[in-house]
Amino acid sequence: MAENLVIVESPAKAKTINKFLGKGFNVEASMGHVIDLPKSQLGINIEENFEPKYITIRGKGDVLKKLRKAVKKSDNVFLATDPDREGEAISWHLSRALKLDDESECRIEFNEITENAIQQAIEAPRSIDKDRVDAQQARRLLDRLVGYKLSPLLWKKVRRGLSAGRVQSVAVKIICQREEEIEEFEPDEYWSLEADLQTDSKQQFEAKLHRIDGDKFKLNNKEETDKVIVEAEKNNFVIEKIKERKRRNNPAPPLTTSSLQQRAASSLNFTAKKTMFIAQQLYEGLDLGSEGTVGLITYIRTDSTRISKEAQQDTRKFIEDNFGPRYRPKDTKKYKVKSGAQDAHEAIRPTSVFRTPKKVKSYLNNDQYRLYKLIWEKFVASQMTPAIYKTLSVDIKAGKYLFRSTGSRTLFKGYLAVDTFKNRKQDKDLPEDLEEGTEVELLEFKPEQHFTKPPARYTEAKLVKTLEKKGIGRPSTYAPTVAKIQDRGYVNKEGKRFVPTELGKTVNHLLNKHFPDVTDIKFTANLEQQLDDVEVGKEDWRELLKEFYFPFEERLNSAYENMEEVELEKEVTDEVCEKCGKNMIVKHGKYGKFLACPGFPDCKNTKPYLIKMGVDCIECEDGEVVQRKSKKGRTFYGCSNYPDCEFMIWYKPVQEYCPECGTFLMEKTTKKRGTEYLCADEDCDFKTTPEELESEE
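Note that our numbering has the sequence shown beginning at 825, numbered continuously upward.
See below:
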């Protein structure tokens, strides 16, 4: 029997695929990229037409050695990396490292890890798509040029350890622009006016002032509002018109990468990074007991709402069998693909609609279950009929003043029968004895003062949506970008919203001034389009780099001469130097933050920078729990009074407290159980999940 070697990125994926292929196939994992640009140098020969210098990634030598042995034993080699630019580039690097023929039909791809999809892929191999590889290569080199050329400039002009990125710089700019809008905002006063009314049968309802003399209006202050009240009170309140109609509420399209991250943020309180981490597990496959290891969802990096015919047919049957024919649309649902979308893959959906969340719940941890339930429900809902409401609009005239009252009632749930994540408006009934031409009694007026509000700061979900709308980045870049701007200290989160730090504002100002193209939203979006053109063979990747780099290099040289050096305000802490009594300040060195005495060079005292976790030590009276690092680099949490107090825990403390003993809780995340909270007191057995704790509150 011929020996066939299939190479994927991860062991989890390998395990799932191996189950479907069986005898005659050997499935191995490359553990992601095996070849990349060197970390210690630019790795691009600009003079030689931007020729990249690729090397074997440190630690991947043994992986390649193992794969080379497997290749020698195999009659056929299939490269089954992810079906996107990144996956295509990994396959290309593997083919070169393993000395395969690039032109041979060694590449297979699939949108879902199911038996049918794998078997169909094996039967339809193709050669490596060099255009797709070039598009990924161009993005990698662009990002490397910006990062490795701009970062040293920032080290010299601002402080050491900073970085700049092509997409992250635009994301920081968007957040800074919103902060400027908020700072410049001046609120305007306005008033609203509601009337409490009553019918002859003593049924009460509310109506809001809607028009004055048939025109729109604005009540600017209390005086104007009081004047309306005085004049309106002189008139009878007569029902002028009652309008009844049916309104349809359509389901949202199936999930894309962007909308998945947005929905998971708003419904599950997941970060974009966490969402993609869990979605990757669902995609690669999980053990479902007697069914074995199964990929639960389709590929997770997509900007398309397209659905395969087979998936639509199965879903229509599922809907009719479980909800009835009225819930299944007459024709299959089709959603318009957004302008600029690559449309390379289907939307994110369950690999089998018959694998309901209830059926798989016992095999998934809490986080996996919640995300799978979201994906499953949103997909099934997208293929169902609209919800139907009866709406009632009642216009009440009082002289020249028109008041309006509205009500609604659900007539047919439609897709809402399955979509538990949808925010549904409660039914609002109006009195049954309302008739045109009849009078209603005014009980009282309820004036209310308001002030206009500034635009809201960006949440993760809103930032991802904005990046997508403006064409900044692609599905694979949203989560890393959001994580990176926080890791670099350019933005912080207040609650769920991003606030730029002084560092972020400073770097944004300098880049806007000296590198307007790098932070220009339209310019960056156009670059993304050019990368898409490279993928379809419309543009040469080296020419793209030339067009970008040489003007960029001129600005870079100018910035080294003309960019002003910035002295950031020192971050003073409440930590007191025991040698001279001064409050220590935060410094930045090669290995990150540390505390230093401001009296340097007279006082050279330094201390580690400890991140306070906001909870008190449970073993001593005045200690706080802080984040520390072990000698092997593992994060743990201990008392700030160490070595006098040796209290330590491995799990991250959270500012929530045990309802049984009052000790703070710790956050523990495992692949099997997901995220759960444990009591930090080892003698207390209390355990809960974030969701259960929130519902109890």
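Note that beta-carbon positions come from the ideal geometry of N, C-alpha and C, so glycine has one too.
Under the criterion of beta carbons closer than 8 Å, Gln1192 and Ile1102 qualify as touching, at roughly 6 Å. Excluding residues up to 5 positions away in sequence, Pro1075, Ala1076, Pro1077, Pro1078 and Lys1157 lie with their Cβ nearer than 7 Å to the Cβ of Ser1206 in the same chain. Boundaries of the alpha helix (DSSP H) harbouring Glu1003: Arg990 to Glu1008, taken from the DSSP string. Beyond the five residues adjoining it in sequence on each side, Glu1263 comes within less than 6 Å, by CB distance, of Asn1060 and Val1062 in the same chain, given in chain order. The continuous stretches of beta strand (DSSP E) do not include Tyr1384, which lies in the alpha helix (DSSP H) extending over residues Trp1365 to Asn1386.
The beta carbon of Cys1000 sits closer than 7 Å to those of Pro1324, Gly1328, Lys1329 and Asn1332, all from its chain and outside the five residues before and after it, given in chain order. Within 10 angstroms of the beta-carbon of His1274 lie fewer than 16 other beta-carbons, which makes it exposed. Relative to the Cα of Asp926, the nearest Cα in the group Asn935, Glu936, Ala913 and Phe934 belongs to Ala913.
Between the region 967-981 and the region 1371-1382, the count of C-beta pairs closer than 8 Å reaches three or more; the two stretches touch. Membership of Asp1145 in the alpha helix (DSSP H) is indicated by the continuous run Lys1133 to Phe1147. Annotated three-state conformation of Ser1217 is strand, per DSSP. Under the 10 Å beta carbon count, Gly1238 is surrounded by 16 or more other beta carbons and is classified as buried. Look at Glu1263 here: in three-state DSSP terms it is strand.
With fewer than 16 other CB atoms across the displayed protein chains lying within 10 angstroms of its CB, Cys1485 is exposed. Per DSSP, the unbroken beta strand (DSSP E) holding Thr1493 starts and ends at Phe1488 to Thr1494.
DSSP, read as helix, strand or coil, puts Ala1222 in strand. The beta-carbon distance between Ala1096 and Gln1104, rounded to whole angstroms, is 13 Å. This is too long to meet the 8 Å contact definition.
Partner residues in the beta bridge of Ile1409, as assigned by DSSP, are Val1396 and Ala1420.
Per the C-alpha coordinates, the member of Glu936, Glu939 and Glu852 positioned closest to Phe902 is Glu852.
When C-alpha distances from Glu833 are compared across Glu875, Glu827, Leu924 and Leu918, the shortest belongs to Leu918.
For Ser1082, the secondary structure class from DSSP, reduced to helix, strand or coil, is helix. Taking C-beta separations shorter than 7 Å and ignoring five residues to either side along the sequence, the partners of Arg1366 in its chain run Asn873 and Phe874, following chain order. Within the region 865-922, the complete alpha helix (DSSP H) segments of 4 residues or longer fall at 885-896 and 909-921, listed in chain order. In the three-state scheme derived from DSSP, where H, G and I count as helix and E and B as strand, Asp1426 is classed as coil. Distance from the CA of Phe1227 to the CA of Glu1018, rounded to the nearest whole angstrom, comes to 8 Å.
Judged by beta-carbon spacing, Leu1043 lies within the 8 Å limit of Tyr1014, meaning their Cβ atoms are closer than that value.
Of the candidates Glu1201, Cys1482 and Trp916, Trp916 places its Cα closest to the Cα of Glu929.
Non-local C-beta neighbours of Lys1411 in its own chain, meaning closer than 6 Å and more than five positions away in sequence, comprise Phe1418 and Ala1420, ordered along the chain. In this structure, the straight-line span from the alpha carbon of Arg984 to that of Lys1394 is close to 14 Å.
Taking Asp1440 as reference, the option from Pro1432, Thr1494 and Val1450 with the minimal CA-CA separation is Val1450. Counting other Cβ atoms within 10 Å of its Cβ, Tyr1282 reaches 16 or more and is therefore classed as buried. The shortest C-alpha to C-alpha distance from Leu922 to any of Lys890, Ile942 and Ile932 is the one to Lys890. With contacts defined as CB atoms closer than 8 Å, Val1342 and Arg990 qualify as a contacting pair.
By the neighbour-count definition (other C-beta atoms within 10 Å, threshold 16), Asn1189 is a buried residue.
Cβ atoms of Ile937 and Leu845 stay farther apart than 8 Å, at about 11 Å. From the listed residues Lys1246, Ile1199 and Trp1200, the smallest Cα separation to Ala1211 is found for Lys1246.
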